[in-house]
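Take a look at the structure below.
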Amino acid sequence: HCRFQPTCSAYALEALARHGGLKGGWMALKRILRCHPWGGSGVDNVPGP
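So the sequence shown is numbered by this note's numbering: it starts at 275 and just counts up by one.
If you want it as structure tokens, here you go:
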């Protein structure tokens, strides 16, 4: 069960498409690191450019 909407994989794909490899990859990594039992949850969309 994923804690966030969109899922981490969908977030990563969108972040990479919008922001490129370096910034998008960093955003995806930060999102994945927040995915743990004590982390947040809910809607977390990729911010615009």
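The C-beta atom is built at its ideal place from N, Cα and C for all residues, glycine as well. None of these values were measured; they are calculated from a predicted model.
> Would a C-beta distance cut-off of 8 Å place Met301 and Ala289 closer than the cut-off?
Replying inline: A contact, by the Cβ cut-off of 8 Å.
> How would you call Trp286, buried or exposed, if buried means at least 16 neighbouring beta carbons within 10 angstroms?
Replying inline: The residue you asked about is not Trp; residue 286 is Ala in the sequence shown. Counting Cβ neighbours within 10 Å, Ala286 comes out buried, since at least 16 surround it.
> Around the Cβ of Val317, are there at least 16 other Cβ atoms within 10 angstroms (buried) or fewer (exposed)?
Replying inline: Under this definition Val317 is an exposed residue.
> Is it buried or exposed for Gly298, if we count other Cβ within 10 angstroms and need 16 for buried?
Replying inline: Its Cβ being crowded by 16 or more others within 10 Å, Gly298 is buried.
>> Given this structure, state the Cα-to-Cα distance separating Asn319 from Gln279, to the nearest angstrom.
In response: One C-alpha to the other measures close to 7 Å.
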